Amino acid sequence: MRWRAKLERQLLNDRAMQASIFNLRVPIDSGREVFLMNTMTDAQMIVSDDVAALLERFEQPVSDVVLDHLPADEREAIGLLEENGFLVPNRQDERAAIDGFFVRTKESTEELHITVLTTLQCNFACDYCYQGDRGDYSKFAEKMTLDTAHKTADWIERELQRVNPAKLHIMFFGGEPLLNLPVMYLIAERMANVTRARGVRQTISIVTNGLLLSEEIVDRMNRYGLSGVKITLDGDRDTHNRMRPLRGGQGTFDRIIENIRKVAGKTRIGIGGNYDETSVESYPALLAFLREQEFADQLVKVNFKPVIRDQVQPVKGRLTLTPVDGHGKPLGGTCMTSAGSGHGSTGTACDSCGFAEDSMSFLRSETKKHGFPTPDGVHGGPCHVHMKHAHTIGCDGSLYACAGFTGEKSKSVGHIDDRRESWRVENREQFDALNPWSECGDCAFIPVCAGGCLVASQSELGDMNRPTCHKRSFESAAIALAHDVASAN
Ligand code: SF4
Ligand code: SF4
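Numbering-wise (our numbering), the sequence shown opens with residue 1 and increments by one.
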């Protein structure tokens, strides 16, 4: 009977198992062992090649009837693979589950994450930055007023009430955030009082060029929950001085190092850096220099990234760090020097950008070789733009989905005074509906990539909802991670 055959087929399918879409496999030791990782469950294992071969057999669904006849050791291995998410009942459900995963990520109330731009002014004239090209840009760039800072604190307090998170993290960013200390102190202190009264844990990070960093600032911010400071060094002394001079052209390396030396015992320090083809080779010398410093072991994270390139070069011979549009107008008005430097308490403007270049693998391995912790390049996202309770507040109180969009007011998604303007509401709805990963097919990196950086999608492709793919970078990071895990075993 046809209905019976259909029912049996259905039962069989229901009880089948298949390899997960999100499995990564990296052969180790000439293939005798294989590193397995599932990007959805984050399970990581080193298995023998016969277990890896067993997993291969599940590329097509295998029914329980077949499984029941396998030898006991294979059934045991299958149980372990299933437990860790390498085997799933079927891929259709897994594809559907990815949407659920992103909804949970979006709705998570674990942390309210606020990035505050205290100012867009900067005391540096970086070689690759839009600001560096404009003599008067910094002078007239926006600065948050004390009145807006009060309103910002009011808004954060309302959000705490509404979201009721376990934790509040405030990241101060710019421009150079330390050029507007009164605003930083005001918000940090007010929110420390509010969170204390509510029993919410508050942490703070500062992303700074390091020139104005002092013990006094760190001591005061420690009272409000400072968890780390991230400082940018763009290569060895000479290269950094060329890439990141003061607006008057003087070098900044020595003073930054001196400041790190003074505060290293008082807070966690992360080092970031931006490189291009003219500076990448100077990074091993920077790493060797940092290793020799007495504060070396207090550096909790070191991570370098390529300068964000735009297809349009606004000024001859310059690379843009701030993405610009076809008229040279910045798309991201913030300094993007910390983009993509990985999660952590030292604070990052953007935790997830994966601007791939082979040099990233090289620098990651050099960083590890010099004994510094660095993100593995696989665990990147989903980034804050996909989280409903992560906000960036511009100097005028405009709200943005992430720091990368702050240069374009028309991308604002709200305002701290809760004004309702249809264009901001439409933007909010547009951001809420973005799902660039839906064009990524069965890519194993979807849970950690989500289709790439939306700022890059906007500036490179003119469409926030199209993926910017750096799969090769993920693949090489997975290989490096596999070897690290294998050598630690
Ligand atoms: S969209 Fe890009 S700049 Fe914005 S948080 Fe995500 S990775 Fe970072
Ligand atoms: S952008 Fe590329 S690496 Fe990222 S999920 Fe899509 S296909 Fe995969």
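Backbone N, C-alpha and C define an ideal beta-carbon position, used for all residues, glycine too. Bear in mind that the values here come from a model prediction, so they are computed numbers and not experimental data.
Using the three-state DSSP reduction, which class does residue 464 fall into: helix, strand or coil?
If DSSP states are grouped into helix, strand and coil, residue 464 belongs with coil.
One question on the structure: do residue 202 and residue 90 come within less than 7 Å of each other, judged by their Cβ atoms?
No, the Cβ-Cβ distance between residue 202 and residue 90 is not below 7 Å.
Kindly examine ligand 1 and report whether one of its heavy atoms sits closer than 6 Å to the Cβ of residue 116.
Checking every heavy atom of ligand 1 against the Cβ of residue 116, none is found closer than 6 Å.
Could you tell me the alpha carbon to alpha carbon distance between residue 423 and residue 411, rounded to whole angstroms?
Approximately 9 Å between the Cα atoms of the pair.
Is residue 385 a contact residue of ligand 1, with contact defined as CB to any heavy atom under 6 Å?
Indeed, a heavy atom of ligand 1 lies less than 6 Å from the Cβ.
Could you spell out where the alpha helix (DSSP H) holding residue 185 opens and where it closes?
Unbroken alpha helix (DSSP H) run through residue 185: 181-198.
Give every residue of the same chain whose Cβ lies closer than 8 Å to the Cβ of residue 457, excluding the five residues on either side of it in the sequence, and list them in chain order.
Correct list, in chain order: 436, 451, 463, 464, 465, 466, 467, 468.
What does a CB cutoff of less than 6 Å around residue 344 pick up in its chain, not counting 5 residues either side in sequence?
Unreliable placement is indicated for residue 344, whose pLDDT of 38 sits below 50; the coordinate value is still reported in the next sentence. 301, listed in sequence order.
Closer than 5 Å between the C-beta and any heavy atom of ligand 2: which residues qualify, listed along the chain?
After applying the 5 Å Cβ criterion, the set is 440, 443, 445, 446, 449, 451, 452, 467, 469, 471.
So, do the region 138-155 and the region 179-189 have three or more beta carbon pairs nearer to each other than 8 Å?
Contact holds: three or more Cβ-Cβ distances are below 8 Å.
Under 8 Å Cβ to Cβ from residue 99, same chain only, skipping five residues before and after it: list those, please.
Result list for residue 99: 435, in chain order.
Buried or exposed for residue 366, going by 16 or more other Cβ atoms inside 10 Å?
Result: buried.
To the nearest angstrom, how far is the alpha carbon of residue 164 from that of residue 113?
So the two alpha carbons sit approximately 12 Å from each other.
Roughly how far, in whole angstroms, is the beta-carbon of residue 213 from the beta-carbon of residue 259, given that I think they are within contact range, below 8 Å?
Residue 213 to residue 259, Cβ: 4 Å. Contact.
Which whole runs of the beta strand (DSSP E) in the region 224-307 are 3 residues long or more, in chain order?
Within the region 224-307, the complete beta strand (DSSP E) runs of at least 3 residues are 226-232, 269-275, 299-306.
Taking the alpha-carbon positions, what's the residue 82 to residue 38 distance?
Straight-line Cα distance between these residues: approximately 11 Å.
Rounding to the nearest angstrom, what Cα-Cα distance links residue 115 and residue 166 in this structure?
Taking the straight line from one Cα to the other gives about 17 Å.
Relative to ligand 1, is the shortest distance from any of its heavy atoms to the C-beta of residue 454 smaller than 6 Å?
Yes, ligand 1 has a heavy atom inside 6 Å of this Cβ.
Around the C-beta of residue 65, are 16 or more other C-beta atoms found within 10 angstroms, so that it is buried, or is it exposed?
Result: exposed.
The alpha helix (DSSP H) spanning residue 152 covers which residue range?
That run of the alpha helix (DSSP H) goes 146-163.
Buried or exposed: which applies to residue 158, given that a residue is buried once 16 or more other Cβ atoms fall within 10 Å of its Cβ?
Exposed, since its Cβ has fewer than 16 Cβ neighbours within 10 Å.
Which partner residues of residue 480 appear in the DSSP bridge assignment?
Its beta-bridge partners do not exist; DSSP assigns none.
Which word fits residue 473, buried or exposed, when buried means at least 16 other C-beta atoms lie within 10 angstroms of its C-beta?
Result: buried.
In the structure shown, what three-state DSSP assignment does residue 35 receive?
Of the three classes helix, strand and coil, the one that applies to residue 35 here is strand, per DSSP.
Specify the secondary structure class of residue 221 as computed by DSSP and reduced to three states.
Looking at residue 221 - three-state DSSP - the assignment turns out to be helix.
Is residue 17 helix, strand or coil by DSSP?
Residue state, collapsed to three classes: strand.
Our contact map puts residue 298 next to residue 265 with C-beta atoms below 8 Å; I'd like the distance itself, whole angstroms only.
With 8 Å as the limit, residue 298 and residue 265 qualify as a contact, their Cβ atoms being about 7 Å apart.
Is it the case that the Cβ atoms of residue 35 and residue 482 are separated by a distance below 7 Å?
Cβ atoms of residue 35 and residue 482: closer than 7 Å.
How long is the line joining the alpha carbons of residue 144 and residue 401, rounded to whole angstroms?
Distance between the alpha carbons of residue 144 and residue 401: 19 Å.
Could I get the ranges of all uninterrupted beta strand (DSSP E) runs contained in the region 348-416, with 3 residues as the minimum, in chain order?
List check, beta strand (DSSP E) in window: 390-393, 398-400.
Residues in the same chain with beta-carbon distance under 6 Å from residue 488, minus the five sequence neighbours each way, listed in chain order, please.
Contacts found: none.
Return the chain-ordered list of same chain residues with a C-beta closer than 8 Å to the C-beta of residue 192, the five sequence neighbours on each side being excluded.
Cβ neighbours of residue 192 beyond the five flanking positions: 202, 223, 224, 225.
Measuring CB to CB, does residue 45 end up less than 7 Å from residue 127?
It is not a contact, given that the beta carbons lie outside the stated cut-off.
Would the beta-carbon of residue 402 be found less than 6 Å away from any heavy atom of ligand 1?
Result yes, Cβ under 6 Å from ligand 1.
Between residue 282 and the rest of its own chain, which residues show a CB-CB distance below 7 Å, the 5 nearest in sequence each way excluded?
Excluding residues within five positions, the ones whose Cβ falls inside 7 Å are 235, 236, 239.
Check residue 457 in the structure and name its three-state DSSP category.
Reduced to three states, the DSSP call for residue 457 is helix.
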